[in-house]
Amino acid sequence: MRTNQPQTIYLRDYRVPAYLVDTVDLRFELFEDGARVHSTLAVRRNPESDAGAAPLELDGDSLVLESVALNGQALAEGAFEDRGDKLIVASVPEQFDLTVVTWIEPQNNTRLEGLYKSSGMFCTQCEAEGFRCITFFPDRPDVMSRFRTRIEADRSAYPVLLSNGNDVERGELADGRHFVTWEDPFPKPCYLFALVAGDLVEKRDAYTTGSGREIDLRMYVEPRNAEKCDHAMDSLKRSMRWDEEVYGREYDLDIFMIVAVDDFNMGAMENKGLNIFNSSCVLASQDTATDLAFQRIEAIVAHEYFHNWSGNRVTCRDWFQLSLKEGFTVFRDSQFSSDMGSPTVKRIEDATLLRTAQFAEDGGPMAHPVRPASYMEISNFYTLTIYEKGAEVVRMIHTLLGPELFRKGSDLYFQRHDGQAVTTDDFVKAMEDASGRDLSQFRLWYEQAGTPVLNVSDDFDADQGVYRLTIAQAIPDTPGQTGKKPQHIPFALGLLGSKGESLPLRLAADQGDAPTDRVLELTQAEETFEFHGLAERPVPSLLRQFSAPVRVHYPWTREQLLFLMSHDPDGFNRWDAGQRLAVDVIQSLIGTPKDTAVDSRLVTAYRHLISDSSLDQALVAKMLQLPSEAYLIELSDSADVPAIHDARERVLKHLAIALRNELVACYRRNLESGAYAVTPDQIARRSLSNTALAWLLQINDEEGRELALRQFRSADNMTDRLGALRALVNSDYEDDRAQVLEAFYERFRDDPQVVEQWFSVQAASDRAGQLPQIRALLEHSAFDWKNPNKVRSVIGAFAGQNLAAFHHPDGSGYDFLAEQVCRLDDSNPQIAARLVTPLTRWKKFAPAYSERMKAALERIRDKTGLSRDVYEVVHKSLA
Ligand code: ARG
Ligand code: ZN
Numbered sequence: 001m002r003t004n005q006p007q008t009i010y011l012r013d014y015r016v017p018a019y020l021v022d023t024v025d026l027r028f029e030l031f032e033d034g035a036r037v038h039s040t041l042a043v044r045r046n047p048e049s050d051a052g053a054a055p056l057e058l059d060g061d062s063l064v065l066e067s068v069a070l071n072g073q074a075l076a077e078g079a080f081e082d083r084g085d086k087l088i089v090a091s092v093p094e095q096f097d098l099t100v101v102t103w104i105e106p107q108n109n110t111r112l113e114g115l116y117k118s119s120g121m122f123c124t125q126c127e128a129e130g131f132r133c134i135t136f137f138p139d140r141p142d143v144m145s146r147f148r149t150r151i152e153a154d155r156s157a158y159p160v161l162l163s164n165g166n167d168v169e170r171g172e173l174a175d176g177r178h179f180v181t182w183e184d185p186f187p188k189p190c191y192l193f194a195l196v197a198g199d200l201v202e203k204r205d206a207y208t209t210g211s212g213r214e215i216d217l218r219m220y221v222e223p224r225n226a227e228k229c230d231h232a233m234d235s236l237k238r239s240m241r242w243d244e245e246v247y248g249r250e251y252d253l254d255i256f257m258i259v260a261v262d263d264f265n266m267g268a269m270e271n272k273g274l275n276i277f278n279s280s281c282v283l284a285s286q287d288t289a290t291d292l293a294f295q296r297i298e299a300i301v302a303h304e305y306f307h308n309w310s311g312n313r314v315t316c317r318d319w320f321q322l323s324l325k326e327g328f329t330v331f332r333d334s335q336f337s338s339d340m341g342s343p344t345v346k347r348i349e350d351a352t353l354l355r356t357a358q359f360a361e362d363g364g365p366m367a368h369p370v371r372p373a374s375y376m377e378i379s380n381f382y383t384l385t386i387y388e389k390g391a392e393v394v395r396m397i398h399t400l401l402g403p404e405l406f407r408k409g410s411d412l413y414f415q416r417h418d419g420q421a422v423t424t425d426d427f428v429k430a431m432e433d434a435s436g437r438d439l440s441q442f443r444l445w446y447e448q449a450g451t452p453v454l455n456v457s458d459d460f461d462a463d464q465g466v467y468r469l470t471i472a473q474a475i476p477d478t479p480g481q482t483g484k485k486p487q488h489i490p491f492a493l494g495l496l497g498s499k500g501e502s503l504p505l506r507l508a509a510d511q512g513d514a515p516t517d518r519v520l521e522l523t524q525a526e527e528t529f530e531f532h533g534l535a536e537r538p539v540p541s542l543l544r545q546f547s548a549p550v551r552v553h554y555p556w557t558r559e560q561l562l563f564l565m566s567h568d569p570d571g572f573n574r575w576d577a578g579q580r581l582a583v584d585v586i587q588s589l590i591g592t593p594k595d596t597a598v599d600s601r602l603v604t605a606y607r608h609l610i611s612d613s614s615l616d617q618a619l620v621a622k623m624l625q626l627p628s629e630a631y632l633i634e635l636s637d638s639a640d641v642p643a644i645h646d647a648r649e650r651v652l653k654h655l656a657i658a659l660r661n662e663l664v665a666c667y668r669r670n671l672e673s674g675a676y677a678v679t680p681d682q683i684a685r686r687s688l689s690n691t692a693l694a695w696l697l698q699i700n701d702e703e704g705r706e707l708a709l710r711q712f713r714s715a716d717n718m719t720d721r722l723g724a725l726r727a728l729v730n731s732d733y734e735d736d737r738a739q740v741l742e743a744f745y746e747r748f749r750d751d752p753q754v755v756e757q758w759f760s761v762q763a764a765s766d767r768a769g770q771l772p773q774i775r776a777l778l779e780h781s782a783f784d785w786k787n788p789n790k791v792r793s794v795i796g797a798f799a800g801q802n803l804a805a806f807h808h809p810d811g812s813g814y815d816f817l818a819e820q821v822c823r824l825d826d827s828n829p830q831i832a833a834r835l836v837t838p839l840t841r842w843k844k845f846a847p848a849y850s851e852r853m854k855a856a857l858e859r860i861r862d863k864t865g866l867s868r869d870v871y872e873v874v875h876k877s878l879a
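What the sequence shown shows, in UniProt numbering, is residues 1 to 879, in sequence order.
Structure follows, in structure tokens:
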């Protein structure tokens, strides 16, 4: 139990390590009742440190110390101090070997940090600070060592024994045990260490690098998952090729391994040569995974693979620099996904996530810069800001420099810092040095939290033919940060003439032909740009491609938005115009009487989208999605969720009634023909037909119901089966709902990834996911408190997606969440801290809601023995 208050750690307190560890020799004895870890470190004083002959301090957590020896001599009692979280050896020579033996209990490790067991196998998760749960060690990323790891275990229960690098020795031991020794030639921080021991099947493939090296590719999964590996393996090969072609980066070891584990706090982990994945982020088959899952898997496999350079070969100096590897790697995986599929759709998806969830984070109590200045628990900083906003920051550098100079910059970065632990500033410096550009003001993107707001106004001087665009930027205050400076913002735009044609963007200084698409660089609190030679007042298309993670306010009329929806050559802004129009229509209906008219122009616009099959169907599929409730909440100051839910639903039903025949036709036109494939074209078709189905069921359409039931029974893939299931679950056809849920469960009850989907379809449904039903799901035999995916699929889906039920005016949703957070805090603090997030946004809601949310937070705060993870989130939220 925690008695003293958690400490805040500051970037400004960073000091180089007093001691370095050149090599680590590990021996794991794995048993059913625990594991013994023998660790020998080759330690020497760090010549860069001014700490001199300071005591040696090693980090530890939940370890039973058995012995300590220095240069082979056991240390006597008083020669070292075991403080639990630190092992201190007061006097050490300049260079020495330290051998530490610890005993740990992986079978009782429910935090899923360090070494733990998941469905009978041993596995590890060491990022950020899990290695200290395995043995005493300087657990910080700027200590890089060469690891040699010997694993010993029972041969029949654990035939497969894996760690980083190459297997150099294996053999038999007494009592049916065996061992394998692994050696990783690349020095690495301990957070990249991994170990796996289990009864797993091996899937093998091979990849030949551009320079002709043959790489052994291996996936290890439980036998029942043997048929679900192909997609990840293909994704891996595409990633390896892409990183060579686009970044000139080749793989460096002879073996690359991927392991799937069911119990995992996050998506996946880039351990050197041995990536470990949450099963749901790697296993797929046509029958069990949706299009979305296929795409997610491809992106995550790529992400972890790309870390081999952006993260492993060049790593982070300290955890404040987390975005150095995560922001850059998310940028790289998004470029990859964009190249593999539809670039416009990928951009829409990234911008949607950012505007819905990252902007909310930026506006909430946990707001922090891309490079934070302080934290209490680093696990709480694996955030949308570090990952997604961090990726947007790298993307802006790419936009400002252009692809060639950006590549020169990344080449310089990798060459200059290979084998080092560095900072985000080193990354920007490499970009500057390679390009000759000055990015000093741009660095504020790393230091200032909050989402910049751009207020745009314009006027047209008909006599002069000059169009003036004035852009003012302001960054809101965030906890601990006020009075922010203007940032350097790439602002892409175009101007459209009345016939929809692209007009030249001629600034006064321009000579020769003017472009019709250009990137302005904003650097001032307010600046005006003059475009010359225009015969009429243009319609502005602003922040094309979402060229910066900012909010843009411009007073477009509904007519102008309709015009941009059908004419903007920038696909992203076409979609954005449709979203802005739908937001405007929905917002104007909030709190109005039920029979208030819906703007008929929205119906006309949607009719056009649904009926015109000459349009890019992938874009249409996105344009048909109404703005989510979460986004509508994000846009409001004092949200009344049931009222927002109601207004949105009214618009959806109005559209569905008016376009009923078009929806049926759209459904039939897009019904799948031919063999299932995850291509942009087929994904768009399935998305369109399932949207049509969902809308028809919202208006109790009998034909829609029959189509859904037929699709549910005959689908040959999970996207369509789940699409039909979801449409029926969210409908008023109660008997059908019960039947399809039951049939689905019976068919897939042995497949955890599908059961997770089955849970979340219900938990996210305003019909099937009311609180009593949610409580029933927690009692279901397939629910497992120890499995983070199950917790997320019920509790996370309820609080994060079923917003009208979660924000029930009586506060029962908040009380429920508080209760579950307290329960989980004892077993898995990381997951508990994540689940609190919806409550932390309490200031965003109308008083009747926010007061109850705050009360729920206070109840969590008052729980005894709160983890550091939850403590930080709750206290910052109540501050
Ligand atoms: N580095 C991993 C990734 O983004 C995430 C691991 C984070 N783990 C954690 N327990 N916070 O690929
Ligand atoms: Zn990552």
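Just so it is clear, CB atoms sit at the ideal spot from N, CA and C, and this is done for glycine as well.
Requested in this report: Return the CA-CA distance between Q762 and G769, expressed in angstroms with no decimal places.
Outcome: 5 Å
Query raised in the report: Is the beta carbon of D599 sitting closer than 9 Å to the one on R648?
Result: no
Requested in this report: Please report the residue range of the beta strand (DSSP E) in which N275 lies.
Outcome: L274 to N278
Requested in this report: Enumerate, from N- to C-terminal direction, the unbroken alpha helix (DSSP H) stretches of 4 or more residues contained entirely within the stretch 221 to 274.
Outcome: 230 to 247
**Report entry** Environment of G419 [buried if 16+ CB atoms lie within 10 Å]
**Finding:** exposed
Requested in this report: Give the straight-line distance between the Cα atoms of L725 and L405, rounded to the nearest whole angstrom.
Outcome: 49 Å
Query raised in the report: Alpha carbon to alpha carbon, how far is N265 from R669?
Result: 41 Å
Query raised in the report: Can you find a heavy atom of the ligand ZN that lies under 8 Å from the Cβ of T329?
Result: yes
Requested in this report: Give the secondary structure of G494 by DSSP, where H, G and I count as helix, E and B as strand, and everything else as coil.
Outcome: strand
Query - Endpoints, the alpha helix (DSSP H) within which W695 is located - result: P680 to Q698
Report task. Report whether the distance from the Cβ of M266 to the nearest heavy atom of the ligand ARG is below 8 Å. Result -> yes
Query raised in the report: Which word fits I860, buried or exposed, when buried means at least 16 other C-beta atoms lie within 10 angstroms of its C-beta?
Result: buried
Query - Cβ separation of Q753 and S280, assumed to be a contact under 8 Å, to the nearest whole Å - result: 5 Å
Query raised in the report: Around the Cβ of I88, are there at least 16 other Cβ atoms within 10 angstroms (buried) or fewer (exposed)?
Result: exposed
Query raised in the report: Between E447 and the rest of its own chain, which residues show a CB-CB distance below 7 Å, the 5 nearest in sequence each way excluded?
Result: P369 and R371
Report task. Could you tell me the distance, in whole angstroms, from the CA atom of G212 to the CA atom of T40? Result -> 37 Å
Requested in this report: State the start and end residues of the unbroken beta strand (DSSP E) segment that holds F531.
Outcome: E526 to H532
**Report entry** CB of S119 within 9 Å of CB of D263, strictly
**Finding:** yes
Report task. Report the partner residues of W309 according to the DSSP bridge assignment. Result -> For W309, which the question treats as bridged, DSSP gives no partner whatsoever.
Query raised in the report: Quick one, are the C-beta atoms of V282 and M121 less than 9 Å apart?
Result: no
Query raised in the report: Within the chosen definition, does the stretch 534 to 547 reach the stretch 434 to 447 through at least 3 CB pairs nearer than 8 Å?
Result: no
Query raised in the report: Should E270 be counted as a contact of the ligand ZN given a C-beta to heavy atom distance under 8 Å?
Result: yes
Report task. Output the boundary residues of the beta strand (DSSP E) element that contains R204. Result -> V201 to T208
Query - Any non-hydrogen atom of the ligand ZN within 8 Å of Y387 CB - result: yes
Query raised in the report: Buried or exposed: where does H553 fall if 16 or more other Cβ atoms within 10 Å of its Cβ makes it buried?
Result: exposed
Report task. Give the single residue among A797, D205, L561 and D570 whose Cα lies nearest to the Cα of R580. Result -> L561
Requested in this report: State the start and end residues of the unbroken beta strand (DSSP E) segment that holds L454.
Outcome: V453 to D461
Query raised in the report: In three-state terms, what does DSSP make of H780?
Result: coil
Requested in this report: Determine the DSSP secondary structure at M429, reduced to helix, strand or coil.
Outcome: The sequence given here places Lys at residue 429; Met does not occur at that position. Helix at K429.
Requested in this report: Counting only runs of 4+ residues fully inside the stretch 352 to 397, write out the alpha helix (DSSP H) ranges in chain order.
Outcome: 359 to 362
Query raised in the report: Ends of the beta strand (DSSP E) at W103?
Result: Q95 to I104
Query raised in the report: Under 9 Å, do E48 and V37 count as touching if we go by C-beta distance?
Result: no
Query raised in the report: Just to check, is the beta-carbon of G130 closer than 8 Å to a non-hydrogen atom of the ligand ZN?
Result: no
Query raised in the report: Could you give the distance in angstroms between the alpha-carbon of V678 and the alpha-carbon of A708?
Result: 22 Å
Query - beta-carbon K346 near the ligand ZN non-hydrogen atom, thresh 8 Å - result: no
Requested in this report: Please state if the CB of G311 and the CB of K245 are separated by a distance shorter than 9 Å.
Outcome: At residue 245 the sequence reads Glu, which differs from the Lys that was named. It is not a contact, given that the beta carbons lie outside the stated cut-off.
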